[in-house]
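The structure under discussion appears below in the form of structure tokens.
2 protein chains.
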Amino acid sequence: MSKSSSSTRDRLIEAARFLFWERGFAGTSMSELLARADVNSGSFYHFFDSKEGLLRAVLEGYLHLLRPMVVDPAFANVRQPLERVFAILVGYRERILATGCQYGCPLGRLALEIDPENAPAHELIARNFQGWIEAVRECLEAMKPSLPTKTDLDALATYVLVVMEGGVMLSRSYRSVEPFDRAVAQLREHFRLLLHSGQRNQS
Amino acid sequence: MSKSSSSTRDRLIEAARFLFWERGFAGTSMSELLARADVNSGSFYHFFDSKEGLLRAVLEGYLHLLRPMVVDPAFANVRQPLERVFAILVGYRERILATGCQYGCPLGRLALEIDPENAPAHELIARNFQGWIEAVRECLEAMKPSLPTKTDLDALATYVLVVMEGGVMLSRSYRSVEPFDRAVAQLREHFRLLLHSGQRNQS
DNA sequence: ATAGAATTTGGTTGATCGTTCAAGTAAGAT
DNA sequence: ATCTTACTTGAACGATCAACCAAATTCTAT
Numbered sequence: 008m009s010k011s012s013s014s015t016r017d018r019l020i021e022a023a024r025f026l027f028w029e030r031g032f033a034g035t036s037m038s039e040l041l042a043r044a045d046v047n048s049g050s051f052y053h054f055f056d057s058k059e060g061l062l063r064a065v066l067e068g069y070l071h072l073l074r075p076m077v078v079d080p081a082f083a084n085v086r087q088p089l090e091r092v093f094a095i096l097v098g099y100r101e102r103i104l105a106t107g108c109q110y111g112c113p114l115g116r117l118a119l120e121i122d123p124e125n126a127p128a129h130e131l132i133a134r135n136f137q138g139w140i141e142a143v144r145e146c147l148e149a150m151k152p153s154l155p156t157k158t159d160l161d162a163l164a165t166y167v168l169v170v171m172e173g174g175v176m177l178s179r180s181y182r183s184v185e186p187f188d189r190a191v192a193q194l195r196e197h198f199r200l201l202l203h204s205g206q207r208n209q210s
Numbered sequence: 008m009s010k011s012s013s014s015t016r017d018r019l020i021e022a023a024r025f026l027f028w029e030r031g032f033a034g035t036s037m038s039e040l041l042a043r044a045d046v047n048s049g050s051f052y053h054f055f056d057s058k059e060g061l062l063r064a065v066l067e068g069y070l071h072l073l074r075p076m077v078v079d080p081a082f083a084n085v086r087q088p089l090e091r092v093f094a095i096l097v098g099y100r101e102r103i104l105a106t107g108c109q110y111g112c113p114l115g116r117l118a119l120e121i122d123p124e125n126a127p128a129h130e131l132i133a134r135n136f137q138g139w140i141e142a143v144r145e146c147l148e149a150m151k152p153s154l155p156t157k158t159d160l161d162a163l164a165t166y167v168l169v170v171m172e173g174g175v176m177l178s179r180s181y182r183s184v185e186p187f188d189r190a191v192a193q194l195r196e197h198f199r200l201l202l203h204s205g206q207r208n209q210s
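First to last, the protein sequences are chains A and B. Going from the first sequence to this note's numbering is simple: count from 1 and add 7. Going from the second sequence to this note's numbering is simple: count from 1 and add 7.
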């Protein structure tokens, strides 16, 4: 985060990405933010019209970070479609452990915090969720022949995200990965049952 | 919320329960809170040592509200154990609809917002979650004979909470019950598969 | 009736909030 | 060389923040 190695705007977004994640939007003060980014308040308002404008930029930034930060690392060493889905979840498990079970999904946190009146922000959060869902959906698409014919892939992919977000939330308040692990294990069982339900393909 | 009909302390907790739910902890100012409760700041600090002290009282209050507000209404007209579980989820569906898809679980919101350093608050949140899980677990216990022998009832009950919290979160950002409905439908399918997996009882 | 505790009053504190501004520097175009 | 645009500087703004206080009032027990 050295001052010369990145543009002022980028430093602001990077600082905000961290602080909004760790302390929330309302919980992050401009002074903290400006100090972390090493930027003066005047410069801030040259690039953004308000703190909310910065929030939008952060959420747009996440759209481009999903693949390189979440999906690609998970897919790197895994070929089987279903295992790729669970590799994404393993990635979140590592985040939970790396933060001493204090991890919260930055998007999930903002989804619950940001005022519903703030439509642009919520649209961006929903688009981020949608990108996540579509990455999972691609895996499910690849295993479609093994799944029951009537399976709604969109609904199933949404379900995976739901389980991840809920699992992360509980692990945070319990200060333990166990709730997350339990949820993932149940999801694993759900897929196992789906794959053995004997209604696959055109049956 | 008339001034004479309830004690000052109760009015403060009730106002905080609403505001922490709607605007979050950091997003709720003392002036808003005091105005809503119709209490002077001096009286506040007679009953609570700080805003965080009030938060703890609110979280303790939720412990006693779980049964009368969430569990009992759901169980009232439903006898079958599994349907009771889903009746709880229907209750949340109604909350989502009643708030124009802006509903967020008050505990889930605080679980993601409150500083992890605030151990007492997080312990209370976890205890609230645990109460919820145990209510579901009681239902699962009643249907144990129908479930596969090895089924971990605690894990399964936790899973139900995870799906609820994740579903509520997505429905808020999508401004639609659909993600919640999808998640519940998948959970329903999960139970259907479990009940038909042919490994039930002592097999 | 009266002492003492419990509660209420509402103004006040200093700090911090997000934002604005006028003045200044740096760099490229003409 | 001069004009223009882009960006930086950091002090200052009014508003609001959580918290505190001494004084006034109401309740409770004797």
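By construction, the Cβ of each residue, glycine as well, lies at the ideal position given by its N, Cα and C atoms. From a predicted model like this one, the values you see are computed outputs, not experimental measurements.
- Residue environment for N135 of chain B: buried (at least 16 other C-beta atoms within 10 angstroms of its C-beta).
- Between V170 of chain A and I103 of chain A, the CB-CB gap reaches or exceeds 7 Å.
- For G68 of chain B, no CB of chain A lies under 7 Å from its own CB, so it is not counted at the interface with that chain.
- P155 of chain A sits in a strand when the DSSP states are folded into three classes.
- Taking a Cβ-Cβ cut-off of 7 Å, the neighbours of M176 of chain B in chain A comprise G115, A118, L119 and E172, given in sequence order.
- Counting the other CB atoms within 10 Å of its CB gives S36 of chain B a total below 16, which places it among the exposed residues.
- Considering only B:V65, B:L62 and B:V97, the residue with the shortest C-alpha distance to D79 of chain B is B:V97.
- Note on geometry: alpha-carbon atoms of S50 of chain A and T15 of chain A lie some 8 Å from one another.
- The Cβ-Cβ distance between L168 of chain B and W139 of chain B falls below 7 Å.
- Using a Cβ distance threshold of 7 Å, F32 of chain A and L61 of chain A do not count as a contacting pair.
- The Cβ of Y166 of chain B sits closer than 7 Å to at least one Cβ of chain A.
- Chain-order list of chain B residues neighbouring S180 of chain A: A118, H129, I132, A133 and F136, by C-beta distance under 7 Å.
- Under the 10 Å beta carbon count, R144 of chain A is surrounded by 16 or more other beta carbons and is classified as buried.
- By the rule that beta-carbons nearer than 7 Å mark a contact, V169 of chain A touches chain B.
- Within the same chain, Cβ atoms closer than 7 Å to the Cβ of S48 of chain B are found at M37 and L41, the five residues on either side in sequence being excluded.
- Spatial neighbours of I95 of chain B in its own chain (CB-CB distance under 6 Å, excluding positions within 5 residues in sequence) are listed in chain order as A81.
- By the CB criterion at 7 Å, V65 of chain B and A23 of chain B fall inside the cutoff.
- Cβ contact annotation for E148 of chain A (same chain, cutoff 7 Å, sequence separation greater than five): L160, in chain order.
- Of A:R100, A:C108 and A:L19, the smallest CA-CA separation from F55 of chain A is found for A:L19.
- The Cβ atoms of G107 of chain A and M176 of chain B lie no closer than 7 Å to each other.
- Here the alpha carbon of M76 of chain B sits roughly 34 Å from the alpha carbon of L200 of chain A.
- Sequence-distant partners of R43 of chain A (beyond 5 residues in either direction) whose C-beta falls short of 8 Å from its own C-beta, in its chain, are M8, A22, F25 and L26.
- Between P123 of chain A and Q87 of chain B, the C-beta gap is not smaller than 7 Å, which leaves the two residues out of contact.
- DSSP places G34 of chain B outside both helix and strand once states are collapsed to three, so it counts as coil.
- The C-beta of R144 of chain B comes no closer than 7 Å to any C-beta of chain A.
- For A192 of chain A, the chain B residues whose C-beta falls within less than 7 Å of its own C-beta are A162, listed in chain order.
- In this structure F187 of chain B is in contact with S178 of chain B, their Cβ atoms being roughly 4 Å apart against a cut-off of 8 Å.
- Excluding the 5 residues flanking it on each side, A190 of chain B has same chain C-beta neighbours closer than 6 Å at V170 and G174, in chain order.
- D56 of chain A carries a coil assignment under DSSP once its states are collapsed to helix, strand and coil.
- For L131 of chain A against E67 of chain A, the beta-carbon gap comes to about 6 Å, under 8 Å, which counts as contact.
- Put simply, the CB of G98 of chain A is far from chain B, with every gap to its CB atoms at 7 Å or more.
- The Cβ of P123 of chain A sits closer than 7 Å to at least one Cβ of chain B.
- Burial check for P152 of chain B: the Cβ neighbour count within 10 Å stays below 16, so the residue is exposed.
- Within the stretch 98-112 of chain A, T106, G107, C108, Q109, G111 and C112 place their CB atoms closer than 9 Å to a CB of chain B, listed in sequence order.
- Buried is the label assigned to L163 of chain A, since at least 16 other Cβ atoms lie within 10 Å of its Cβ.
- What S204 of chain B touches in chain A, judged by beta-carbon distance under 7 Å, is L200, going in chain order.
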